[in-house]
Amino acid sequence: MTTPRDDSDLRRLLEEAVSDVHPSSGTAEIRARSRRTSAGRWLPLTLAAAVVTVLVIGGAAWLGGQSDDPPAAGPGAPSTTTSQPSAPAADEGRTELLPVYYVGDTAAGPRLFKETHEVKGITDTSLRAAVQEVLSGRPHDPDYGVWAPPDGVVAGAFSDGSTLTIDLSEPLARPTGMDDETARIALQSLIWTAAEQQTGSAMRFMVDGRPAPEVLGIDTTSPIERASADSVLSTISIDGPIEGATVPTRFQVTGRAATFEANVVWELKRGDQVVRNGFTTAQECCTLSPYTFTVTATPGDYTLVVHDTDESDGEGIGTSEDTKSITVR
Amino acid sequence: VTRILLAENTGPPAWGVPIDADSALEQLYGEHYLRLVRLAVLLLRDPGRAEEVVQDSFVAVYQRWDRLGDADVPAYLRQTVVNRSRSVLRHLRVVSQHPTQPPPDHPGADRDVVDAVRRRAVIDALAELPRRQREVLALRYYLDLSEREIAETLGISAGAVKSHASRGAAALRTHLTHLLEESP
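Protein sequences, first through last, are from chains A and B.
Here our numbering runs 99 ahead of the position in the first sequence, where the first position is 1.
Here our numbering runs 256 ahead of the position in the second sequence, where the first position is 1.
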């Protein structure tokens, strides 16, 4: 792996090879083309992702090393009050907080749950690190382990600005017992995770640099569209505290819910015993929107359960819930 | 992470970004257009397609200007050009087996002919390399990027950059022995 002598000769050859190339168009043409293609081309849905894209690309390589400074544990979204940026360590990679989607079971079938993972040792793009975390990371909440890809699968990932591409190191066959819907949601976990990092409303699947005809038994000959939030995300989820968190005696719970009349019901349990309970409403009805409430409890180990009200009288789809094991100290 | 980066990156971006889309476009064009078109020629071998790819990338940035914030736009442009070049190559391979159009020769004085032949030889030799090696060599030797920047642009590890670079350089030297020996 040594490169002989200095490479100035190759530099010179490459420089010279294209020295006769002179572009013919200027900024006027770029402006004109922008006007022709701009209408309706960038959907609002991709807007947030577009911003994230460039920030990550732009910032990660040079500013991303905040490695020795773990985020504050506790309720609510992971803290962003990280202090001084340290210079990126050349070999150890950087540490980032990456949103990652995993598949969990709900009354409505398999759905995606979002977790924020602290990923260390990142040496390439945040996009790739996040996708890899879906493939080989472990969800904090064991309830989200519906799809566990086989060990050793690695993936390259990139975006051309509209379509995301994932290049898997090996074909992913559908595990026995996995139904169509779960397979579909599992692919969405990759798409939703990737779309948090780079713009893309669809994902093209490849295996070892070639188009993959199918992944998990789903036809992937054309790119798979990123499905809408309401069709793939869990109708109720707890964002904070995270699984296994230690929280003070008075703590805040945050999450998102899309429930009947925006109702959100919660219980704090010790074993099977409900020690605290209450209800709140999410900001909007029937579409995923944030909720928050505060709980006071004495020190101990608990299970926090948040669910919708069951309006089906036992005949409908039943309740959907999210649970977290937490310690109050 | 996003917010952390934003908060810490409060000073003016390293490349001195102008605020409005039009002056930004002028500045980006002036500083990067030619270089990126030439980069794309190294990747694609076809000057016409190369310019198309770079123009598309500039159009994308111009349209989204208001949403780019204080991002490192040159890095973003670079990555877009590489990704789009890759898509073009893949498309070409699928759609037709015809070779891409080589750069035009400008036969004239002997000296010009010799130069054109040399240029063609280098671009052809690059085209012979596996895609990753070609990308790494172009980014390293033509754009002068660091290993870390190349890794970030291509979405691969720094280790992979190293190995593609050393294999690619060795292969290119083999293809171009005659040029390397005859030149000063």
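Don't be surprised by glycine CBs; every beta carbon is placed ideally from N, CA and C.
Since we're looking at a predicted model, the values are computed, not measured.
Given this structure, state the Cα-to-Cα distance separating glutamate 360/A from cysteine 385/A, to the nearest angstrom.
7 Å
Euclidean distance between Cα positions of valine 427/A and histidine 406/A:
21 Å
Kindly list, in the order they appear in chain A, the residues whose Cβ is closer than 8 Å to that of threonine 448/B.
As shown, chain B starts at 257 and ends at 440. That puts residue 448/B outside it, with no answer to give.
Any beta carbon from chain B within less than 8 Å of glycine 316/A's own beta carbon?
no
So, do the region 293-305 of chain A and the region 204-211 of chain A have three or more beta carbon pairs nearer to each other than 8 Å?
no
I need the DSSP call for valine 444/A, collapsed to helix, strand or coil.
For chain A, the structure presents residues 100 to 428; residue 444/A sits outside this window and is missing.
For serine 336/A and glutamine 307/B, believed in contact at Cβ under 8 Å, the rounded distance:
Per the sequence shown, the amino acid found at residue 307/B is glutamate instead of glutamine. With 8 Å as the limit, glutamate 307/B and serine 336/A do not qualify as a contact, their Cβ atoms being about 47 Å apart.
Would you mind listing the alpha helix (DSSP H) stretches within the region 239-315 of chain A that are 4+ residues and don't spill past its ends, in chain order?
279-294
Which residues in the same chain have their Cβ closer than 7 Å to the Cβ of aspartate 381/B, if we skip the five residues on either side of it in sequence?
Here residue 381/B is alanine; the residue named in the question, aspartate, does not match the sequence. Correct list, in chain order: Leu428, His431 and Leu432.
Within 8 Å, strictly: CB atoms of isoleucine 323/A and isoleucine 290/A:
yes
Closest to isoleucine 425/A by C-alpha separation, out of Asp400/A, Pro122/A, Trp365/A and Asp266/A, would be which residue?
Asp400/A
Rounded C-beta distance between proline 198/A and threonine 224/A? I'm assuming under 8 Å.
Actually they do not touch by this definition, with Cβ atoms about 15 Å apart.
Pull the bridge partners of phenylalanine 212/A from the DSSP assignment, please.
Tyr201/A
Say whether chain A places a C-beta atom closer than 8 Å to the C-beta of glutamine 283/B.
no
Own chain, CB closer than 6 Å to tyrosine 397/B, minus 5 neighbours either side, in chain order
none
Chain A residues whose Cβ lies nearer than 9 Å to that of histidine 307/B:
Here the sequence assigns glutamate to residue 307/B, which means histidine is not the residue at that position. Result: Val120, Pro122, Ser123 and Ser124.
Residues of chain A with a CB under 8 Å from the CB of serine 279/B: which are they?
What serine 279/B touches in chain A: nothing, since even the nearest Cβ is about 10 Å away.
Serine 288/A vs tyrosine 201/A beta-carbon contact at 8 Å:
yes
Under 8 Å, Cβ to Cβ, is there at least one residue of chain B near leucine 226/A?
yes
The beta strand (DSSP E) enclosing alanine 356/A, as first and last residue numbers
349-356
If you measure between the beta carbons of valine 346/A and proline 340/A, is that distance less than 8 Å?
yes
Mind reading off the beta-carbon distance from phenylalanine 350/A to valine 364/A? Whole number of angstroms is fine, and I expect it under 8 Å.
Incorrect: roughly 18 Å between the Cβ atoms, too far for contact.
Whole-number beta carbon distance between serine 413/B and threonine 222/A, since they are thought to touch under 8 Å
5 Å
Go through its chain and collect everything with a Cβ distance to glutamine 382/A's Cβ below 6 Å, but skip five positions before and after it.
Ser388 and Pro389
The region 264-277 of chain A in contact with the region 275-289 of chain B per 3-pair CB rule at 8 Å
no
Three-state secondary structure (DSSP) at histidine 434/B?
helix
Neighbour flag for serine 133/A against chain B, beta carbons, 8 Å
yes
Between leucine 284/B and phenylalanine 314/B, is the Cβ-Cβ spacing less than 8 Å?
yes
Flag isoleucine 379/B as yes if its beta-carbon sits less than 8 Å from any beta-carbon of chain A, otherwise no.
yes
Out of curiosity, what's the CA-to-CA distance linking alanine 372/B and leucine 401/B?
27 Å
Neighbouring residues, chain A, relative to isoleucine 412/B (Cβ below 7 Å)
Asp223 and Gly255
What separation, rounded to the nearest whole angstrom, lies between the Cα atoms of alanine 228/A and glycine 415/B?
15 Å
Beta bridge counterpart(s) of tyrosine 390/A as assigned by DSSP
Gly354/A
Amino acids of chain B, ordered along the chain, whose beta-carbon sits closer than 8 Å to that of isoleucine 265/A
Simply none; closest approach about 10 Å.
Starting from the C-beta of aspartate 250/A, find all residues in its chain whose C-beta is less than 8 Å away, skip the five residues before and the five after it, and write them out in chain order.
Ser235
Does the beta carbon of phenylalanine 314/B fall short of 7 Å from some heavy atom of the ligand FMN?
The model depicted lacks the ligand FMN and carries no ligand whatsoever.
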